[in-house]
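So the protein sequences, as listed, match chains A and B. The numbering of the first sequence is my numbering, which starts it at 1 and goes up by one. The numbering of the second sequence is my numbering, which starts it at 1 and goes up by one. We put the beta carbon where it would ideally sit given N, CA and C, even for glycine. What follows is a short report on a single structure.
Protein chains: 2
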Amino acid sequence: MLKVTFRFEHGDDREIFAAEQENLLEVARKANVAIDAPCSGNGSCGKCRVRLVEGELDSPKSRHISDEEYAQGWRLACNSRILSDVVIAVPDIASAYKSRMKTADLSTGEEVRIFNEAKASVEAADIHFINSFLSATVSLDAPSLDDTMPDNERLSRALCAELDVDEVRIPHSVLLHLPSTLRESGWSVRCCGRQDGNIFELMTVSSAADEAPMCGVAIDIGTTTVTAVLTDLETGALLAKGSTGNGQIRYGADVINRIIESTRPGGKKRLQDAILKETLEPLMRAMYAQANISPERVLSICVAANTTMNHLFVGTDADPVRTEPYIPAFFSWDGLMARDLNLPANAQAQIILAPNIGSYVGGDITAGTLMSMIWNRDELSLFIDLGTNGEIVFGNRDFLMSCACSAGPAFEGGDISCGMRATDGAIEACTIDPETMEPSFRIIGPEGQKPVGLCGSGIIDVIAELFHTGIISAKGQFVREGRRISQDANGFDCYVLAFAEESESGRDVTINIVDIDNFIRAKGAIFSAICTLLKSLDMDVSCVEHMYVAGGIGSGINMRNSVRIGMFPDIELDRFTYIGNSSLAGAYAMVMSDQARDKVEELAQSMTYVELSTTPGYMDEFMAACFLPHTNAELFPSLAE
Amino acid sequence: MLKVTFRFEHGDDREIFAAEQENLLEVARKANVAIDAPCSGNGSCGKCRVRLVEGELDSPKSRHISDEEYAQGWRLACNSRILSDVVIAVPDIASAYKSRMKTADLSTGEEVRIFNEAKASVEAADIHFINSFLSATVSLDAPSLDDTMPDNERLSRALCAELDVDEVRIPHSVLLHLPSTLRESGWSVRCCGRQDGNIFELMTVSSAADEAPMCGVAIDIGTTTVTAVLTDLETGALLAKGSTGNGQIRYGADVINRIIESTRPGGKKRLQDAILKETLEPLMRAMYAQANISPERVLSICVAANTTMNHLFVGTDADPVRTEPYIPAFFSWDGLMARDLNLPANAQAQIILAPNIGSYVGGDITAGTLMSMIWNRDELSLFIDLGTNGEIVFGNRDFLMSCACSAGPAFEGGDISCGMRATDGAIEACTIDPETMEPSFRIIGPEGQKPVGLCGSGIIDVIAELFHTGIISAKGQFVREGRRISQDANGFDCYVLAFAEESESGRDVTINIVDIDNFIRAKGAIFSAICTLLKSLDMDVSCVEHMYVAGGIGSGINMRNSVRIGMFPDIELDRFTYIGNSSLAGAYAMVMSDQARDKVEELAQSMTYVELSTTPGYMDEFMAACFLPHTNAELFPSLAE
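Here's what the structure looks like:
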């Protein structure tokens, strides 16, 4: 066996043994060294760049590696075979899945305000935070030789009287500790559980002095990022909030590559473990620790995720979602328990899944649609969730239509040579001086952070500014000259955002014509999806009265620039509303409110799903949208000024 | 660390490392070397004899080891501390828990006959083998671009139509493989599950060609032996039968010692693992293999066990069962699932527990009472289950009374110097020539098997014969002399059943006055319990019209000798019926028949439990019964002849 040592920028070597000729990316995965591979290792994206420090690899040259870089040891992990003991440097930009788990600081009140507003907005639509969980404190007579009723019956009788129910169901998890809990608490206990008609399903029994709340967990499983909140099931109070990267990312940046990976031997298990064991379990435990809550006190969980994420989470075959005729295992399904997935929660906790409505419109969108409130308005609105996929819902209180388009990873920095996720060093906003063509940035990270690359909102700004300043044409070709217009290592025309000496990595941060072309196709997919959906109703973009934009990608998004590049319809800027993570807010509403859950089911049932890939005219719309802003300038009247 | 090597008679060394001064019995337990320790290691029973072959132990002498034996290396494992690397020979008689698992040969028809008779007997009382499990085969339309209903909904709709139900519940275990099963079977599938009103709970989905039966498992968890059957839930056919030793035995022969062990750190888990992982799981898997059934096809399990076994099986605190006021965690409880205990079965399979009615009258007795049929007769009958505990039920169709007495391990060879379980080498029946005082035996095992010791039924015979031939007095003292009347290594008067040269072990097989005294107390406990129970009804033994004897101990039992020693009431011999393992037969009826389950619950509810330890007069009855046959000879008129 050969020894492979992965060396990270901030220390923390990891060693693993590998066979001769083994693929370096596969070995990295085995070692839990996450290297960004949005294309799932087929050599097309060029993101899995690593540097050979010692030893020998068999790596063909690639268009993603210049001769100079190759000489410095740069290789693509996905097309490298191991020939000897090697030491491999993994640059930060490539180690996509650094466990960037963080819990939010609730003391500022900002997060609390967001969820209070979410609650207020659904309550304004007569959807109340009422659920079937309740707790009761009972004092039992201690048993004696004259009163030898067994523990379970003693407790059940008291609870029936206290709660006015006919039956108390006691699961194994409760019975297990019932004798000791009753005796240690002096026969005064607090019981938490779920009422279902005249049956009370007991979920926890603890000392009467225990005041810990009954908790729910709401989770948004994004393709890239997973976000969750811990909430008090009685009050809706936010107890903790956390987020982390989706551990599946090392098996591909988009859902298609992950489904393909899941069909390989052991793949379903690998994908499921990546989301359950590597991502959700630590995230949930971190929230429980922050709020000082034991897992058994978590009585309900709601997950909002796209259809593929739902399938990989559950562990069932996702391949039929991807292949014609695109049939998921489920849209709505209420048979899932936390214990089925070994998630840290009460043994009886159910996992509510926000319903999917199509192969590419999932629970994140149905939950998000609830929060967009477009179903409760007279005006015709577009709700768009801008992630790796773009999902679009259009309608009002009378009807809802939805579709999805594959925008690809461009909004998250994939398929862009200097693209990156919205982490430290990412340029998230940009303006370019029309005269000097010099850029000004906002960079994520601490004071003095140098640029590393471009994240989604930064790319939108850069392209809008390049076009606005006449540096590039409507087709994305460079038409001006200057010190920042150059050619990159691969000989592609590019704009230099930061020269090597200004950048964190010591390499130029650039955007080249291939990147611009990739991005134009991504934004074209979004806009053409909107047009096609509207056309199916005999409408056009002029009918859109309001636009609600959601998604992690959207947080730094410049709406005006999004219109300028022709991604969003040209409506007045005050008619755009950024609504944040509507998927998470929807899951929060669903875990808190039985009415919210019913409403989301109702929305899902009533929503018409349009499958773009089989809709005539979509390709024509797409081709027409692959210009800046569009081949039909009349669609963007405000830009004529 | 020191190396401890356990050497078994038939090879199969086992090695483990131990700390200096560690207790040898504890180390043996860690190594999964089961050494008989009915007293749970307090030095009183003398059963954990092992032989030091090499190395050094710190072992005080014991009354259980003669000087000569000590010189040969014999030690009690429970009071030996390890001082060096040691090699320990574990004699067969001490390795109580050899995994003697066996599955029954069903081809002889004998076992099939027993269960057919059990079925016939309950059906004669209008209790029918009808349950809520059913299977259906459905053919679905394959999905297409025009028919994109998801898999779960497609299947649910077809099943609702086929079974005329309103709702189909699909659990995670089924959804997990649903997409592949539907596609691999060409959309024709067989579905098994449970109907509950207008809801069908789906439990398995397989190809329509799959003809494997839906199965149930019935288990009798005895303190010493565990027996189980696998049955076809539709027909009641016996598919497999197996038995094995209860792996908990190394933590004590009786329930009290096991409860005490369970209260030690980690004890509950140890006791539960011993019954679940070491005993039931291999036993169940052996049955499944014999019948070629996959675990997921096991849809229901019924367990009949005494109250303590039930608690240790479930994993809840058993200590309150043992200590005043003797309160179990449950009598009846229907919240247990196979998955709660990780038993190999369908993920949705429930475990039905035959209800307990007192701390010492458990589900084995309520299930057994069903099979005794005493509740369906006019005549007053006694039903007795003779195991480590003796449980007694008395009554008829109008009432039922029950009690339990601790007979101790004597019936299973415990507390008897040459006692052993009913395995190879055990004398199971005996007569003694009144003139020559020479014994004749029936010995368990192959042709030519030499005696090793005495099992329960053999002890009854030996004592009855010793008394009948005038060798011992009514108080158990030796009153005749001869070559077989001797003194054992400890200087106690004894009768030599087999001299060293005639025995398997090369040691005398004897019964001494201490053994006889122990046994008289055991049989006295049984008889006095019967008398006390009857007295609580203002009755006496003359009221007993029929007696049903159950239990593993009973299989070789000589009823006449049982009367002669004063253990059973003196009624005509044809009024005794040996009914075998009524606990297992009752569990079999309960897993097959909802009506049987209801009937057992009804019997349990109606049965009055008499706690002997708090009943005045019981001690007097007990003292009076500690003679052969009894201080009051009038109770045994037939013996006067």
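Residue-chain proximity (residue i, chain A), Cβ-Cβ < 7 Å
i: I444(B); result: no
i: L140(B); result: no
i: I88(B); result: no
i: A304(B); result: no
i: P616(B); result: no
i: A604(B); result: no
i: F6(B); result: no
Short CB-CB distance (under 7 Å) between residue i and chain B
i: T224(A); result: no
i: A291(A); result: no
i: N333(A); result: Position check: residue 333(A) holds Trp in this sequence, whereas Asn was assumed. Judged by the 7 Å Cβ criterion, W333(A) is in contact with chain B.
i: I301(A); result: no
i: A94(A); result: Reliability fails at A94(A), whose pLDDT of 47 lies under 50, so the model's placement of it is uncertain and the value that follows must be treated cautiously. Output row for A94(A): interface = no.
i: H172(A); result: yes
i: L175(A); result: yes
i: D594(A); result: no
i: S144(A); result: yes
i: N152(A); result: yes
i: D210(A); result: no
i: F313(A); result: no
i: P328(A); result: yes
i: F17(A); result: no
i: Y97(A); result: Because Y97(A) sits at a pLDDT of 42, beneath the cut-off of 50, its placement in the model cannot be relied upon, and the point is left open.
i: S180(A); result: yes
i: L159(A); result: no
Presumed contact (8 Å Cβ cut-off) between residue i and residue j, rounded CB distance
i: D508(B); j: F499(B); result: 6 Å
i: L382(A); j: M547(A); result: 5 Å
i: V122(B); j: A474(B); result: Their Cβ separation, rounded to whole angstroms, is 43 Å, which puts V122(B) and A474(B) out of contact at 8 Å.
Own chain partners of residue i with C-beta closer than 7 Å, once the 5 adjacent residues on each side are dropped
i: T227(A); result: D220, S243, N581 and L584
i: R322(B); result: I256 and I259
i: G43(A); result: S62, L76, C78 and N79
i: S486(A); result: C494 and V496
Short Cβ contact (7 Å threshold) for residue i with residue j
i: Y495(B); j: R484(B); result: yes
i: I374(A); j: M607(A); result: no
i: R75(A); j: S59(A); result: yes
i: I463(A); j: D493(A); result: no
i: L165(A); j: F200(A); result: In the sequence as displayed, the identity of residue 165(A) is Val instead of Leu. Result yes, Cβ atoms of V165(A) and F200(A) sit closer than 7 Å.
i: G566(A); j: P616(A); result: no
i: P434(B); j: T469(B); result: yes
i: A89(A); j: R29(A); result: no
i: I444(B); j: E428(B); result: yes
i: A329(B); j: L230(B); result: no
i: A286(B); j: A410(B); result: no
i: M401(B); j: C455(B); result: no
Chain-order list of residues whose beta-carbon lies under 6 Å from that of residue i (same chain, five-residue window excluded)
i: A550(A); result: G368, D385, I579 and S582
i: S156(A); result: V168
i: A625(A); result: G524, F527 and S528
i: G586(A); result: A304, A367, G368, L370 and M371
Residues bridged to residue i [DSSP beta-bridge criterion]
i: E391(B); result: D385(B) and A404(B)
i: S300(A); result: G216(A) and Q350(A)
i: V168(B); result: F200(B)
Residue-level contact to chain D via CB, residue i, 7 Å cutoff
i: L276(A); result: The chain labelled as chain D is not found among the protein chains of the depicted structure, namely A and B.
Neighbourhood of residue i by C-beta, 8 Å cutoff - its chain only, sequence neighbours within 5 removed
i: D378(A); result: N396 and R397
beta-carbon residue i near the ligand PLP non-hydrogen atom, thresh 6 Å
i: P637(A); result: Among the components of this structure there are no ligands whatsoever, and the ligand PLP is therefore not found.
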